[in-house]
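Asks: Can you read through this structure? Questions will come right after.
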Amino acid sequence: MFEHVTFAHANRTLNVFYNGIDWNLWLTSIIEFSEVTVCYNDIPALDGVNVDIGGGAIGLLGPNGAGKSTLIKTILGFNRANKGRVKIFGLEMPARSVEIRHRLGYMPECEVSSPKVSAVAFLSYCGRIFGISRVDALERAHEVLNYVNLGDSRYRNMETYSTGMLQRVKLAQAILHDPKLLLLDEPTNGLDPDGRLEILDLVRDIAARPDVTVVVSSHLLPDVQHVCEQVIMIDKGKVVHAGSIEELTAPRLEYCEVRLRDSAQPFVDAVREAGCECVRLHPLNTWLVRLPHENGAQLLFRIARDCGTQIRHFQPSRHSLEEAFLQVMEKE
Amino acid sequence: MPIYTKTYRRYDGQPRHHFRWLVVIEQEMKTLVKFRIFKLLVLLAALHIILRLLQIVAYDVLAQDPNNPLQVIFANLDIARIGPDTFFSFLYLQTSILFIILLYSGAGMICNDFKNNLMEVYFSKPLTWADYSFGKILTLVLLGLSITALPGVILVGLHNLLLPSMDTLSASWWWPFSIIGYSLVIIIPITLAVLACSSLLPSQNYAAITIIMALVANSSLGVLFAGMLRQRDYMAISFPLSIRRVGETLFGDHRILFSLSWYWCFLYISVVCLISLLIILRKVRRAEIAS
Numbered sequence: 001m002f003e004h005v006t007f008a009h010a011n012r013t014l015n016v017f018y019n020g021i022d023w024n025l026w027l028t029s030i031i032e033f034s035e036v037t038v039c040y041n042d043i044p045a046l047d048g049v050n051v052d053i054g055g056g057a058i059g060l061l062g063p064n065g066a067g068k069s070t071l072i073k074t075i076l077g078f079n080r081a082n083k084g085r086v087k088i089f090g091l092e093m094p095a096r097s098v099e100i101r102h103r104l105g106y107m108p109e110c111e112v113s114s115p116k117v118s119a120v121a122f123l124s125y126c127g128r129i130f131g132i133s134r135v136d137a138l139e140r141a142h143e144v145l146n147y148v149n150l151g152d153s154r155y156r157n158m159e160t161y162s163t164g165m166l167q168r169v170k171l172a173q174a175i176l177h178d179p180k181l182l183l184l185d186e187p188t189n190g191l192d193p194d195g196r197l198e199i200l201d202l203v204r205d206i207a208a209r210p211d212v213t214v215v216v217s218s219h220l221l222p223d224v225q226h227v228c229e230q231v232i233m234i235d236k237g238k239v240v241h242a243g244s245i246e247e248l249t250a251p252r253l254e255y256c257e258v259r260l261r262d263s264a265q266p267f268v269d270a271v272r273e274a275g276c277e278c279v280r281l282h283p284l285n286t287w288l289v290r291l292p293h294e295n296g297a298q299l300l301f302r303i304a305r306d307c308g309t310q311i312r313h314f315q316p317s318r319h320s321l322e323e324a325f326l327q328v329m330e331k332e
Numbered sequence: 333m334p335i336y337t338k339t340y341r342r343y344d345g346q347p348r349h350h351f352r353w354l355v356v357i358e359q360e361m362k363t364l365v366k367f368r369i370f371k372l373l374v375l376l377a378a379l380h381i382i383l384r385l386l387q388i389v390a391y392d393v394l395a396q397d398p399n400n401p402l403q404v405i406f407a408n409l410d411i412a413r414i415g416p417d418t419f420f421s422f423l424y425l426q427t428s429i430l431f432i433i434l435l436y437s438g439a440g441m442i443c444n445d446f447k448n449n450l451m452e453v454y455f456s457k458p459l460t461w462a463d464y465s466f467g468k469i470l471t472l473v474l475l476g477l478s479i480t481a482l483p484g485v486i487l488v489g490l491h492n493l494l495l496p497s498m499d500t501l502s503a504s505w506w507w508p509f510s511i512i513g514y515s516l517v518i519i520i521p522i523t524l525a526v527l528a529c530s531s532l533l534p535s536q537n538y539a540a541i542t543i544i545m546a547l548v549a550n551s552s553l554g555v556l557f558a559g560m561l562r563q564r565d566y567m568a569i570s571f572p573l574s575i576r577r578v579g580e581t582l583f584g585d586h587r588i589l590f591s592l593s594w595y596w597c598f599l600y601i602s603v604v605c606l607i608s609l610l611i612i613l614r615k616v617r618r619a620e621i622a623s
């Protein structure tokens, strides 16, 4: 039940006390880029980027060298904008970078390790940097390492860790202080399939919180699709598309997937004769049919009846995120 | 049964916003005391302190007691006499072990963070390049002071306690200032030079080798020039001898190696410190603000 709701006008936040938890909701854009240009030696890595991220889980997609990491590093304040304005949580960057970084969690792409200390000691140190007391930092370190499934190896020196374990430590240090904005740069790098799914589930779990915004930069499109609701596609330093994954992968009315009760060959032949394209999909008894017009579904059912078979599965086909991504990139 | 259930709780504590450099110092110290070699080096430094403690006890207790059979020996033994030169020689002898400790502790301090990509992690948190640099520098300075100035000042206090008189007090009131001053003159340049090498070079071995090479080359050059040009003032090129020259002035020692004013030596030391500091700050700042 809602116990109380307060609106703080100054920092534009809405505090909702719900289920015994104080959810601090932001009413302003979390990340706001206005015409931001970031250059490395006069070569623009970001070129007049406009981004407005309100909340939820957002995927950053783009080919290598597109500017994804530069965008993340600009949010962190590592790169300063040559032109334009960056605001995070409504606070101006870089003037209030320390204040902003208090609410940020960052998981870098590269391998991070503090070889001579244990994961617990490393996380405890990270917590202390945030200003968390010694006791709280240690407790929090254990809790977060448990959350990322690091088990008893948390007491071992980090030099003995595998890539997967280091990846978990990286995630743990990013979420240790309960950030409001989590920036994940290639979070599943070097993980085996099980570990990858586990990490993605954790990220999705974090992103499901109402007051947490997660930005995932990855070149693995299924990872982004698994975690995010929105995507921002970047190419050559420019935002080429921003929108929901749902929109991008919306059903295409002229394409449909069909599965039949009996042998499909007479049906497929008849459909092809009627001028439709027909391609076999995986699983092998499923066929992708391109209809002559948007209302061509009736035609398929008629052909099936004429062939003496039944359509057991029929659904408009969706674009995969990969197809959508390639389409957007080709357009550009 | 696990102590912690698999949850991710909200953090509802109130974080502290000041003195993050203190956290850096605490962490560095914690990491250093884990190493056996470090403990051994500190033990070696402590042995020298114990020897000086015995010297003070011997002079202040045994040499002053006419009924003690050892009184004759200690009263006439110049080396056992307690004066400003006792503390000057204590610090001068302690310099070698101090150099090794600071080199061992500091050579990997910054380069290892670069090598292990920890800079990105640290600076994504509310830690600034100034906090980081200050923390690292202060770790080594405090470490150095703990084996030079701190025992030195305690030994002066002990000397006054064991031989309580106005004469002792009037003779020794300025010793702690000289001890602290000379300790800082030794520690700060070593600290900054070691950290500058650590921030410039890719590994702690390279940093340590570079520092030792620079020191050997610089000392040899000083002595070589002095010998070739038959002018002892050229010895000031040697960094350790310049530091010694400032120490001689601070303790009023008359065994002066060369006549060049201590101002020049101090200026030389200051310039080296300033260059090293600029290197550290520039490298660390670039890790936080890349462009």
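Chains A and B supply the protein sequences, listed in that same order.
Numbering-wise, this note's numbering puts 280 at position 280 of the first sequence, and it's gapless, one number per residue.
Numbering-wise, this note's numbering puts 372 at position 40 of the second sequence, and it's gapless, one number per residue.
Virtual Cβ for every residue (Gly too), placed ideally from N, Cα, C.
Here the structure is a predicted model, which is why all the values come from computation and not from measurement.
(1) So, does the CB of asparagine 79/A fall closer than 8 angstroms to a CB anywhere in chain B?
(2) Just to confirm, is the Cβ distance from valine 98/A to proline 458/B under 8 angstroms?
(3) Output yes if chain B places a C-beta closer than 8 angstroms to the C-beta of histidine 177/A; else output no.
(4) Can you grab the Cα-Cα spacing for the pair valine 224/A / glycine 54/A, in whole Å?
(5) Suppose you measure from the CA of leucine 326/A to the CA of phenylalanine 33/A; what does that come to, to the nearest Å?
(6) What is the rounded straight-line gap between the Cα of valine 216/A and the Cα of glutamate 186/A?
(7) By how many angstroms is the C-alpha of isoleucine 206/A removed from the C-alpha of glycine 611/B?
(8) CA-CA distance, valine 342/A and isoleucine 369/B?
(9) Any chance the stretch 448–464 of chain B sits against the stretch 352–367 of chain B, with 3 or more Cβ pairs inside 8 angstroms?
(10) List the whole-angstrom C-beta distance separating cysteine 443/B from proline 534/B, where the pair is believed to meet the contact cut-off of C-beta under 8 angstroms.
(11) Just the Cα atoms here: how many angstroms apart are aspartate 262/A and cysteine 307/A?
(12) For chain D, find out if any of its Cβ atoms is closer than 8 angstroms to the Cβ of glycine 55/A; answer yes or no.
(13) For valine 144/A, which residues from the same chain have a beta carbon less than 7 angstroms from its beta carbon, with the 5 sequence-adjacent residues on both sides left out?
(14) Between the C-alpha atoms of serine 113/A and glycine 467/B, what's the straight-line distance to the nearest angstrom?
(15) Rank Asn146/A, Val36/A, Val120/A by C-alpha distance to the C-alpha of alanine 137/A and give the top, closest one.
(16) Which first and last residues belong to the beta strand (DSSP E) in which serine 497/B is found?
(17) Please report the distance separating the alpha-carbon of leucine 288/A from that of isoleucine 245/A.
(18) How far does the alpha helix (DSSP H) with tyrosine 40/A in it reach, from first residue to last?
(19) Between glutamate 620/B and chain A, is any beta-carbon pair separated by less than 8 angstroms?
(20) Hey, does alanine 8/A have any beta-carbon neighbour from chain B nearer than 8 angstroms?
(21) Taking leucine 425/B as the reference, which of Ser593/B, Pro496/B, Ile405/B, Ile518/B has the closest Cα?
(22) Give the interface partners of histidine 313/A over in chain B, defined as CB-CB distance under 7 angstroms, in chain order.
(23) Grab me the residues of leucine 394/B's own chain with a C-beta within less than 7 angstroms of its C-beta, minus the 5 sequence neighbours each way, in chain order.
(24) Leucine 532/B and phenylalanine 571/B: beta carbons closer than 8 angstroms?
(25) Could you name the residues of the same chain whose beta carbon sits closer than 8 angstroms to that of isoleucine 511/B, not counting the 5 residues immediately before and after it, in chain order?
(26) On the three-state DSSP scale, how would you describe cysteine 276/A?
(27) So, for glycine 584/B: in the same chain, excluding its five sequence neighbours on each side, which residues have a beta-carbon less than 7 angstroms away from its beta-carbon?
(28) Going by C-alpha to C-alpha distance, which of Tyr595/B, Ala525/B, Ile569/B sits closest to leucine 613/B?
(29) With a CB to CB cut of under 8 angstroms and the five nearest residues on each side skipped, what residues in its chain are close to alanine 625/B?
(30) To which residues of the same chain is glutamine 312/A closer than 8 angstroms at the C-beta, ignoring the five residues directly before and after it?
(31) Considering only residues of the same chain and omitting the five flanking positions on each side of glycine 77/A, which have a CB-CB separation below 8 angstroms?
(32) Check whether chain A comes within 8 angstroms of threonine 460/B, counting only Cβ atoms and requiring the distance to be less than that.
(33) Name the chain B residues whose beta carbon is nearer than 8 angstroms to that of tyrosine 125/A?
(34) Just grab the DSSP bridge partners of isoleucine 132/A for me.
(35) Along chain A, which residues have their Cβ under 8 angstroms away from the Cβ of proline 347/B?
(36) Take the Cβ of isoleucine 607/B as the centre, count every other Cβ of all protein chains shown within 10 Å, and call the residue buried at 16 or more, exposed below.
Replies: According to the structure data:
(1) yes
(2) yes
(3) yes
(4) 18 angstroms
(5) 25 angstroms
(6) 7 angstroms
(7) According to the sequence displayed, residue 611/B carries isoleucine and not glycine. So the alpha carbons of these two residues sit roughly 41 angstroms apart.
(8) The structure shown has nothing for residue 342/A, since chain A only spans 1 to 332.
(9) yes
(10) 6 angstroms
(11) 10 angstroms
(12) Of the chains in the structure shown, none is chain D; the protein chains are A and B.
(13) Leu123, Ala172, Ile175, Leu176
(14) 20 angstroms
(15) Val120/A
(16) No beta strand (DSSP E) holds serine 497/B; DSSP gives it neither H nor E.
(17) 22 angstroms
(18) Counting along the chain, tyrosine 40/A falls outside any alpha helix (DSSP H), though it belongs to the beta strand (DSSP E) covering 31–40.
(19) yes
(20) For alanine 8/A, the predicted structure reports a pLDDT of 46, less than 50, and the residue's modelled location is therefore unreliable. A value from the coordinates is still provided. Alanine 8/A does not count as touching chain B.
(21) Ile518/B
(22) Going along chain B, no residue has its Cβ under 7 angstroms from histidine 313/A, so there is no contact; the nearest lies around 38 angstroms.
(23) Asn400, Leu402, Gln403, Phe406
(24) no
(25) Phe419, Leu423, Thr480, Ala481, Gly484, Val485, Val488
(26) coil
(27) Pro416
(28) Ala525/B
(29) There is simply no residue 625/B to check, as chain B begins at 333 and stops at 623 in what is shown.
(30) According to the sequence provided, residue 312/A is arginine. The question's glutamine does not apply to it. Arg259, Leu260, Arg261.
(31) Met93, Pro94, Ser97, Ile100, Arg101
(32) yes
(33) Val355, Gln359
(34) Paired residues: none, contrary to the question.
(35) His102, Phe130, Gly131, Ile132, His177
(36) exposed
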